[in-house]
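This report concerns only the one structure given below.
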Amino acid sequence: MSTHDRTKFVAQSSAHHYAEMSLKTSAPIDDVDAAADSFAHLAEGRRPEGNPIYGRLHNDTVSEFELALAELEHTDDAVAFSSGMAAVTATVMAASANGDHLLAIRPLYGGTDHLLDERVCGIDVRWVTADEVADAVTDTTALVIAETPANPTLDLLDIQRLCDDAGDTPVLIDSTFATPVLQNPADLGATLVLHSATKYIGGHGDVIGGVVACSEDWAQRLRQIRIATGALLHPMAGYLLRRGLATLPVRMEAAQTTARQLAVRLVEHPSVEQVYYPGLNACDPHGLIGTQMTGPGAMIAFDVGDRQLARRAMEDVQVITPAVSLGTTDTLIQHPASLTHSLVDDNALEDCGISPGLLRVSVGLEHVEDLWGDLDAVL
Ligand SMILES: Cc1ncc(COP(=O)(O)O)c(C=O)c1O
Numbered sequence: 002m003s004t005h006d007r008t009k010f011v012a013q014s015s016a017h018h019y020a021e022m023s024l025k026t027s028a029p030i031d032d033v034d035a036a037a038d039s040f041a042h043l044a045e046g047r048r049p050e051g052n053p054i055y056g057r058l059h060n061d062t063v064s065e066f067e068l069a070l071a072e073l074e075h076t077d078d079a080v081a082f083s084s085g086m087a088a089v090t091a092t093v094m095a096a097s098a099n100g101d102h103l104l105a106i107r108p109l110y111g112g113t114d115h116l117l118d119e120r121v122c123g124i125d126v127r128w129v130t131a132d133e134v135a136d137a138v139t140d141t142t143a144l145v146i147a148e149t150p151a152n153p154t155l156d157l158l159d160i161q162r163l164c165d166d167a168g169d170t171p172v173l174i175d176s177t178f179a180t181p182v183l184q185n186p187a188d189l190g191a192t193l194v195l196h197s198a199t200k201y202i203g204g205h206g207d208v209i210g211g212v213v214a215c216s217e218d219w220a221q222r223l224r225q226i227r228i229a230t231g232a233l234l235h236p237m238a239g240y241l242l243r244r245g246l247a248t249l250p251v252r253m254e255a256a257q258t259t260a261r262q263l264a265v266r267l268v269e270h271p272s273v274e275q276v277y278y279p280g281l282n283a284c285d286p287h288g289l290i291g292t293q294m295t296g297p298g299a300m301i302a303f304d305v306g307d308r309q310l311a312r313r314a315m316e317d318v319q320v321i322t323p324a325v326s327l328g329t330t331d332t333l334i335q336h337p338a339s340l341t342h343s344l345v346d347d348n349a350l351e352d353c354g355i356s357p358g359l360l361r362v363s364v365g366l367e368h369v370e371d372l373w374g375d376l377d378a379v380l
């Protein structure tokens with residue numbers, strides 16, 4: 002990442018962009034006809050031209066965050082939600098109008114997998130591999146959904162190839178693990194770029210939110226759904242997420258530097274059977290690091306070959322925090338089969354490598370030697 006690129010992130014939260022935080026639930030109305038027009042305009046999912054009326058229809062602080070994120074993801078617009086899962090749900094609901102099924106590529110975050118597999122949004126899912134998309138896609142495919150790097154095994158997928166294979170069908174890339182610092186899926190053809198902003202974008206483990214970067218048309222549909230379902234991001238969260246952008250590249254670089262070192266040491270550790278980290282050549286067979294992504298990021302998964310050993314390691318850490326979530330200042334370790342991916346179908350878990358001995362680490366900002374000492378001791 003160049004100095005110039007870092008500057009773009011700082012500029013998104015700098016003083017000259019600063020808008021007063023707007024927390025009010027409703028705006029005073031002095032002209033009812035004008036307010037009625039504004040209400041109708043907002044209900045169509047458009048950005049306000051007049052009175053913003055009510056906080057569920059529009060909020061300036063949230064809007065500032067959305068526009069900043071859209072600029073960093075090279076899209077025309079973005080829509081923020083109360084969580085990453087609210088963002089996934091709204092996207093699936095919006096896409097459902099275009100077809101009768103989705104194609105989804107595992108692994109996905111366990112919550113997304115569960116939402117799709119249980120048909121929570123009322124639409125069928127067909128689970129495919131990236132190589133099967135070209136043959137599986139039909140005129141009635143509403144959406145193709147993928148994560149890269151994927152949670153929790155860090156599988157990488159060639160976004161451009163996936164979008165070519167999907168043809169006219171919209172493609173949603175969950176880019177939570179990469180952030181706009183490491184990749185811009187829209188440049189490679191993705192229709193929708195989703196982040197659980199709870200993670201790296203917030204960056205301090207103290208805010209929950211989600212965001213989808215996309216075209217104005219998609220944004221309009223997503224805002225209509227957000228208004229109808231009430232999944233608006235709280236303005237205080239919008240403020241914190243926008244502030245998070247200023248330090249995002251620096252946090253990513255620092256955590257990535259530590260993660261590279263830990264991944265190499267884990268490969269050598271006698272108790273570790275397999276390490277999954279995009280910076281290891283074996284985990285990047287298509288050479289996507291340096292092309293699709295500017296770096297491998299700061300998430301690592303590794304297999305210790307045994308459920309009990311993995312769970313004990315998670316419980317015994319002293320410096321690392323045993324907790325779900327990711328992308329925060331503290332290094333976190335968790336056991337996906339017991340926690341984040343526990344609702345995923347057992348056969349699917351096995352098929353996509355979420356084994357009983359798998360641990361996932363979100364590398365934070367502590368010193369590498371403290372982290373390594375801790376891991377070495379529990380392994
Ligand atoms: C890749 C990914 N997408 C989406 C989500 C859901 O985000 P949230 O927890 O903000 O609802 C998560 C949560 O861990 C995630 O890891």
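Heads up: the sequence shown at position 214 corresponds to 215 in the working numbering, and the numbers run straight through without jumps. Glycine included, every Cβ here is placed at the ideal spot set by N, Cα and C.
**Asked** Whose beta carbon lies closer than 6 angstroms to any heavy atom of ligand 1, going through the chain in order?
**Response** Per the CB criterion, closer than 6 angstroms to any heavy atom of ligand 1, the qualifying residues run in chain order as Ser84, Gly85, Met86, Tyr110, Gly112, Thr113, Glu148, Asn152, Asp175, Thr177, Ser197, Thr199, Ile209 and Gly211.
**Message:** Would you call the region 25-32 in contact with the region 48-63, where contact means no fewer than 3 C-beta pairs closer than 8 angstroms?
**Reply:** Because the criterion of three Cβ pairs below 8 angstroms is met, the region 25-32 and the region 48-63 touch.
**Request:** Find out if the Cβ-Cβ distance for the pair Leu263, Ile301 is shorter than 8 angstroms.
**Result:** Judged by their CB atoms, Leu263 and Ile301 are nearer to each other than the 8 angstroms cut-off.
**Message:** Measuring only the C-alpha atoms, how far is Ala71 from Leu246?
**Reply:** Whole-angstrom Cα-Cα distance: 12 angstroms.
**Request:** From the DSSP output, read off the bridge partner residues of His196.
**Result:** The secondary-structure analysis by DSSP pairs His196 across a beta bridge with Val212.
**Asked** Roughly how many angstroms lie between the CA atoms of Leu233 and Ser83, to the nearest whole one?
**Response** Answer to the nearest angstrom: the Cα atoms are 5 angstroms apart.
**Prompt:** By DSSP, does Ala384 sit in helix, in strand, or in coil?
**Reply:** The shown model of the chain, from 2 to 380, leaves out residue 384, and the question about it has no answer.
**Whole-angstrom distance between Val89 and Met237, CA atom to CA atom** = When rounded, the separation of the alpha-carbon atoms in Met237 and Val89 is 21 angstroms.
**Asked** Between Thr130 and Ile106, is the Cβ-Cβ spacing less than 8 angstroms?
**Response** Cβ atoms of Thr130 and Ile106: closer than 8 angstroms.
**Message:** What does the Cβ neighbour count give for His75, buried or exposed, with the cut at 16 atoms within 10 Å?
**Reply:** So His75 ends up on the exposed side.
**Message:** Just to confirm the assignment: which complete beta strand (DSSP E) runs, minimum length 3, are found wholly within the region 17-100?
**Reply:** Listed in chain order, they are 78-82.
**Request:** Below 6 angstroms CB to CB, which residues in the same chain sit around Asn152 once its five sequence neighbours on both sides are set aside?
**Result:** Same-chain partners within the cutoff: Tyr110.
**Own chain partners of Val325 with C-beta closer than 6 angstroms, once the 5 adjacent residues on each side are dropped** = So the qualifying residues of the chain are Gln335, Leu340 and Thr341.
**Asked** What whole-angstrom Cβ distance do Ala191 and Ile160 have, given they're in contact under 8 angstroms?
**Response** Ala191 to Ile160, Cβ: 6 angstroms. Contact.
**Request:** Give the DSSP-derived three-state secondary structure of Gln275 in the structure shown.
**Result:** Of the three classes helix, strand and coil, the one that applies to Gln275 here is strand, per DSSP.
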